[in-house]
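2 protein chains.
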Amino acid sequence: MIETIGILGGGQLGRMLTLEAKRMGYRVVTLEPAVDSPCGQVADDQIVAAYDDPRALHELGERCDVVTYEFENIPLDAVLTLEREGRLVRPNGEVLRITQDRLLEKTFVRSCGIATADFAAVHSRAGLDAALAAVGLPAVLKTVRGGYDGKGQWLAHTPSDAEAAVDAARGRPLIFERFVPFERELSIICARNGRGEAIAFPVTENVHDAGVLATTIVPARVPTAVAERVRTAAQRIGEGLGIVGAYCVEFFHAGDDVFVNEIAPRVHNSGHYSLDATQISQYEAHVRAICDLPLVEPHLFAPAVMVNILGEGTGDRLAGVNDLLRDPDVKLHMYGKAHAAARRKMGHFTVVARDVDDALARARTAKALLHWTAA
Amino acid sequence: MIETIGILGGGQLGRMLTLEAKRMGYRVVTLEPAVDSPCGQVADDQIVAAYDDPRALHELGERCDVVTYEFENIPLDAVLTLEREGRLVRPNGEVLRITQDRLLEKTFVRSCGIATADFAAVHSRAGLDAALAAVGLPAVLKTVRGGYDGKGQWLAHTPSDAEAAVDAARGRPLIFERFVPFERELSIICARNGRGEAIAFPVTENVHDAGVLATTIVPARVPTAVAERVRTAAQRIGEGLGIVGAYCVEFFHAGDDVFVNEIAPRVHNSGHYSLDATQISQYEAHVRAICDLPLVEPHLFAPAVMVNILGEGTGDRLAGVNDLLRDPDVKLHMYGKAHAAARRKMGHFTVVARDVDDALARARTAKALLHWTAA
Numbered sequence: 007m008i009e010t011i012g013i014l015g016g017g018q019l020g021r022m023l024t025l026e027a028k029r030m031g032y033r034v035v036t037l038e039p040a041v042d043s044p045c046g047q048v049a050d051d052q053i054v055a056a057y058d059d060p061r062a063l064h065e066l067g068e069r070c071d072v073v074t075y076e077f078e079n080i081p082l083d084a085v086l087t088l089e090r091e092g093r094l095v096r097p098n099g100e101v102l103r104i105t106q107d108r109l110l111e112k113t114f115v116r117s118c119g120i121a122t123a124d125f126a127a128v129h130s131r132a133g134l135d136a137a138l139a140a141v142g143l144p145a146v147l148k149t150v151r152g153g154y155d156g157k158g159q160w161l162a163h164t165p166s167d168a169e170a171a172v173d174a175a176r177g178r179p180l181i182f183e184r185f186v187p188f189e190r191e192l193s194i195i196c197a198r199n200g201r202g203e204a205i206a207f208p209v210t211e212n213v214h215d216a217g218v219l220a221t222t223i224v225p226a227r228v229p230t231a232v233a234e235r236v237r238t239a240a241q242r243i244g245e246g247l248g249i250v251g252a253y254c255v256e257f258f259h260a261g262d263d264v265f266v267n268e269i270a271p272r273v274h275n276s277g278h279y280s281l282d283a284t285q286i287s288q289y290e291a292h293v294r295a296i297c298d299l300p301l302v303e304p305h306l307f308a309p310a311v312m313v314n315i316l317g318e319g320t321g322d323r324l325a326g327v328n329d330l331l332r333d334p335d336v337k338l339h340m341y342g343k344a345h346a347a348a349r350r351k352m353g354h355f356t357v358v359a360r361d362v363d364d365a366l367a368r369a370r371t372a373k374a375l376l377h378w379t380a381a
Numbered sequence: 007m008i009e010t011i012g013i014l015g016g017g018q019l020g021r022m023l024t025l026e027a028k029r030m031g032y033r034v035v036t037l038e039p040a041v042d043s044p045c046g047q048v049a050d051d052q053i054v055a056a057y058d059d060p061r062a063l064h065e066l067g068e069r070c071d072v073v074t075y076e077f078e079n080i081p082l083d084a085v086l087t088l089e090r091e092g093r094l095v096r097p098n099g100e101v102l103r104i105t106q107d108r109l110l111e112k113t114f115v116r117s118c119g120i121a122t123a124d125f126a127a128v129h130s131r132a133g134l135d136a137a138l139a140a141v142g143l144p145a146v147l148k149t150v151r152g153g154y155d156g157k158g159q160w161l162a163h164t165p166s167d168a169e170a171a172v173d174a175a176r177g178r179p180l181i182f183e184r185f186v187p188f189e190r191e192l193s194i195i196c197a198r199n200g201r202g203e204a205i206a207f208p209v210t211e212n213v214h215d216a217g218v219l220a221t222t223i224v225p226a227r228v229p230t231a232v233a234e235r236v237r238t239a240a241q242r243i244g245e246g247l248g249i250v251g252a253y254c255v256e257f258f259h260a261g262d263d264v265f266v267n268e269i270a271p272r273v274h275n276s277g278h279y280s281l282d283a284t285q286i287s288q289y290e291a292h293v294r295a296i297c298d299l300p301l302v303e304p305h306l307f308a309p310a311v312m313v314n315i316l317g318e319g320t321g322d323r324l325a326g327v328n329d330l331l332r333d334p335d336v337k338l339h340m341y342g343k344a345h346a347a348a349r350r351k352m353g354h355f356t357v358v359a360r361d362v363d364d365a366l367a368r369a370r371t372a373k374a375l376l377h378w379t380a381a
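These protein sequence lines are chains S and R, in that order. Mapped onto the working numbering, the consecutive letters of the first sequence carry residue numbers 7 to 381. Mapped onto the working numbering, the consecutive letters of the second sequence carry residue numbers 7 to 381.
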């Protein structure tokens with residue numbers, strides 16, 4: 007029986023996961039190098055150490071019945087070390103290995119018979135010509151490993167843009183992807199437990215700002231057939247990976263087509279809305295999945311819009327909360343971070359409303375109220 | 007600006023209050039003598055000390071911007087000590103003084119022009135005849151101070167029952183109340199902030215089992231006029247007290263009449279449902295009220311039934327959770343208590359459904375699945 011959950015990573019995803027796990031009665035221990043982390047503030051305990059510290063990993067394994075992670079850029083070795091010691095890690099190391107590597111990931115998606123943008127591997131300027139010929143322009147060059155929130159990505163309209171990107175990557179292996187002229191970015195949260203029970207949340211529409219998710223709209227304003235295609239593809243991917251836990255698949259939507267952009271083997275920013283707009287959240291779904299509990303199909307109470315609250319580098323006090331909270335349908339979530347560095351994810355709010363347009367309008371009004379000031 | 011909330015008391019009400027406060031970005035410190043308390047497990051820190059330990063109270067005051075309490079039987083002196091040291095305590099000591107004393111409380115309610123059962127003070131067998139003559143039988147004798155979940159209460163059908171109750175009270179002052187042949191027990195959660203903004207949750211119907219709340223049904227199955235009477239009375243009481251925070255007023259409902267039974271100057275078991283069935287919970291309402299944030303009117307997503315999960319003294323492992331969670335509309339809350347002593351409140355679940363009858367039927371089915379076993 008699972009009583010204590012270990013989490014690798016101490017950020018806001020771990021925090022919200024912990025709040026839901028605590029509600030359900032679990033103990034939570036996080037391993038995170040930064041003291042007083044968003045997750046550590048709500049967990050029963052935080053082990054303050056590097057993710058790959060063998061003694062810290064051993065301690066985490068000893069204290070927990072299952073270990074999970076809240077971001078996919080933890081060292082794969084950390085998970086493999088735990089697994090070698092006989093610990094239950096969910097999702098497992100093989101899932102992490104594939105999803106940490108954009109080439110393995112896209113190759114895997116294609117092996118499931120699901121479309122992605124055309125892509126090729128590029129290790130140096132020398133390989134660029136072949137990639138240009140095979141894939142074409144415009145293209146996006148991304149580091150194969152690491153990188154998130156738009157970091158480690160370059161858009162190339164010309165061969166010289168591509169060369170500049172290869173130079174900027176400083177020898178890191180790249181994936182060269184054909185740019186998809188998409189209408190919308192879509193994503194979906196799914197979850198699978200160890201018995202293969204699978205659920206899917208509603209498809210969401212995501213608006214990014216300079217690589218960082220700004221707004222999630224749910225349900226996505228796409229035809230039912232497109233939403234169905236997203237759901238089918240995401241569930242096939244989960245099954246193919248044999249994943250246990252919640253996961254997110256991001257898509258580009260163009261006309262009748264959807265192309266997989268990325269798999270996140272974890273709870274995801276685009277699923278925050280589920281804390282307030284569905285009867286089961288992505289966090290509860292993850293807890294249930296990794297703790298051998300049954301999964302139930304989520305249903306949306308009403309349309310919702312989630313807005314990230316980013317730091318502005320102008321101070322650490324969020325002004326405007328008083329006005330924000332006058333909207334009866336705004337739910338505020340703050341992550342307990344002391345410093346509001348520019349573009350840092352500090353919190354989010356969700357507006358649940360009678361329709362998407364109403365939610366969007368009220369979210370815009372609400373967002374305009376907030377700004378960061380010196381204390 | 008309020009950043010850190012102190013809570014006197016470490017039980018489940020403090021736990022759920024803390025989970026909501028953490029979501030909103032607050033720091034929480036609890037003062038509670040029992041180590042590893044339900045609240046302490048989720049708070050940033052727990053000061054382990056007696057509620058009236060002057061040094062612990064001083065530390066709590068130093069570390070927090072506002073102090074509140076999660077049950078009303080903490081020593082009044084603890085709150086008065088904090089107030090003497092210039093700390094902000096919400097609700098304040100005067101509210102606690104009145105609501106800790108059933109005679110002061112009922113006298114206060116009457117002074118607001120709101121009905122209670124007839125009552126009289128009884129200090130000894132000598133005073134019993136006067137009370138019997140003034141109030142009549144059947145009656146309920148209750149200790150004036152302390153007592154909860156039906157403890158410190160005796161039902162008297164005959165004068166000799168009343169004498170036995172006085173003896174059982176062993177010199178503690180009693181209130182002698184006329185028994186109201188009620189159809190239902192109703193309650194309502196309200197909240198007021200420091201600017202006098204006031205909100206009220208839907209009226210609930212409460213079913214007790216041997217003095218302990220078993221089930222809350224929301225909305226209560228009473229005529230609109232009765233619900234309106236409850237709401238008006240509860241808001242008048244809050245205004246009269248000048249209370250800042252969430253509070254609960256319990257009523258007996260008989261025909262067209264409602265009689266105030268009790269005021270709890272805190273979040274309340276009968277408001278648990280609000281975590282899952284209204285867009286703002288009683289816990290968030292309390293946090294907002296004591297932290298100078300605006301209050302918004304709660305609205306119910308759908309009818310709901312809350313069922314307490316009580317210990318049975320038959321073991322500390324809750325069996326049946328797997329089956330319970332197959333109902334897609336069940337939300338489970340467990341309090342992190344290690345030992346499931348008989349009748350101890352260990353957790354609760356809420357079923358949100360299309361109508362009260364459906365919610366009640368599913369709650370009954372769900373409850374029957376649960377039992378406590380040895381680990």
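Don't be surprised by glycine CBs; every beta carbon is placed ideally from N, CA and C.
Item                                                                                                                                                                                          : Value
Taking only beta-carbon atoms, is Glu303(R) less than 8 Å away from chain S?                                                                                                                  : yes
Is Phe114(R) helix, strand or coil when you go by DSSP?                                                                                                                                       : helix
Give the secondary structure of Asn98(S) by DSSP, where H, G and I count as helix, E and B as strand, and everything else as coil.                                                            : coil
What does Asp71(S) reach in chain R if we use C-beta pairs closer than 7 Å?                                                                                                                   : Near Asp71(S) there are no residues of chain R at all, since even the closest Cβ is about 13 Å away, more than 7 Å.
What is the DSSP secondary structure of Met312(S), counted as helix, strand or coil?                                                                                                          : strand
Exposed or buried, which one is Pro271(R) when buried takes at least 16 other CB atoms within 10 Å?                                                                                           : buried
So for Met30(R), helix, strand or coil by DSSP?                                                                                                                                               : coil
Using a Cβ cut-off of 8 Å (strictly closer), state whether Met312(S) contacts chain R.                                                                                                        : no
Check the C-beta distance from Ala283(S) over to Val358(S) and give it rounded, since I have them as a contact under 8 Å.                                                                     : 5 Å
Report the three-state DSSP secondary structure of Gln241(R) (helix, strand or coil).                                                                                                         : helix
Please tell me whether Asp50(R) has its Cβ less than 8 Å away from any Cβ of chain S.                                                                                                         : yes
Can you give me the C-alpha to C-alpha distance between Leu247(S) and Thr113(S), rounded to a whole angstrom?                                                                                 : 12 Å
Have a look at Arg12(S) and Ile296(S) and give me their C-alpha separation to the nearest angstrom.                                                                                           : Per the sequence shown, residue 12(S) should be read as Gly rather than Arg. Roughly 11 Å separates the two Cα atoms.
Using a Cβ cut-off of 8 Å, which residues of the segment 216-248 of chain S contact any Cβ in chain R, in chain order?                                                                        : none
Is there at least one Cβ from chain S nearer than 8 Å to Phe307(R)'s Cβ?                                                                                                                      : yes
Taking 7 Å as the cut-off, is the C-beta of Leu110(S) nearer than that to any heavy atom in the ligand PLP?                                                                                   : The ligand PLP is not part of the structure shown, which contains no ligands of any sort.
At a CB distance below 8 Å, what residues from the segment 333-350 of chain R approach chain S? Give them in sequence order.                                                                  : Asp333, Pro334, Asp335, Lys337, Leu338, His339, Met340, Tyr341 and Gly342
If we count Cβ pairs, one from each stretch, closer than 8 Å, do we get three or more for the segment 313-322 of chain R versus the segment 339-352 of chain R?                               : yes
Should Val358(S) be flagged as near chain R, meaning a C-beta pair shorter than 8 Å?                                                                                                          : yes
For the segment 119-206 of chain S, which segments carrying the alpha helix (DSSP H) assignment without a break, of at least 4 residues, lie completely within its bounds, in sequence order? : 134-141 and 165-174
So Ala55(R) and Leu37(R) are supposed to be a Cβ contact under 8 Å. How far apart are they, rounded?                                                                                          : 6 Å
Three Cβ pairs or more, each shorter than 8 Å: is that satisfied between the segment 226-236 of chain R and the segment 87-96 of chain R?                                                     : no
In the DSSP output, which residue or residues are listed as bridge partners for Leu324(R)?                                                                                                    : Trp378(R)
State yes or no: is the C-beta of Val362(R) within less than 8 Å of the C-beta of Arg227(R)?                                                                                                  : yes
With 8 Å set as the bound, which would you pick, yes or no: does the beta-carbon of Leu19(R) sit closer than that to a beta-carbon of chain S?                                                : no
Return helix, strand or coil for Glu234(R), following the three-state DSSP convention.                                                                                                        : helix
Between which residues of its own chain and Ala168(S) is the CB-CB distance below 7 Å, once the five residues before and five after are set aside?                                            : Leu134, Leu138, Ala145, Leu147 and Ala162
Going along chain S in order, which residues have a C-beta closer than 7 Å to the C-beta of Asn328(R)?                                                                                        : Leu299 and Pro300
For the candidate residues Asp59(R), Phe77(R), Ile80(R) and Gln52(R), whose alpha-carbon lies nearest to that of Arg69(R)?                                                                    : Gln52(R)
Between which residues of its own chain and Val218(R) is the CB-CB distance below 8 Å, once the five residues before and five after are set aside?                                            : Asp155, Gly156, Asn314, Leu316, Arg349 and Lys351
State yes or no: is the beta carbon of Lys148(R) nearer than 8 Å to at least one beta carbon in chain S?                                                                                      : no
Excluding the 5 residues preceding and the 5 following Thr105(S) in the sequence, name in chain order all residues of the same chain whose CB lies nearer than 6 Å to its CB.                 : Glu78, Glu111, Ile269 and Pro271
Would you verify that the beta carbon of Leu331(R) is, or is not, closer than 8 Å to some beta carbon of chain S?                                                                             : yes
The segment 29-41 of chain S: which residues have C-beta closer than 7 Å to a C-beta of chain R, in chain order?                                                                              : Arg29, Met30 and Gly31
Under DSSP, the beta strand (DSSP E) around Leu338(R) begins and ends at which residues?                                                                                                      : Val336 to Met340
Within 8 Å, do at least three Cβ pairs link the segment 198-207 of chain S to the segment 163-183 of chain S?                                                                                 : no
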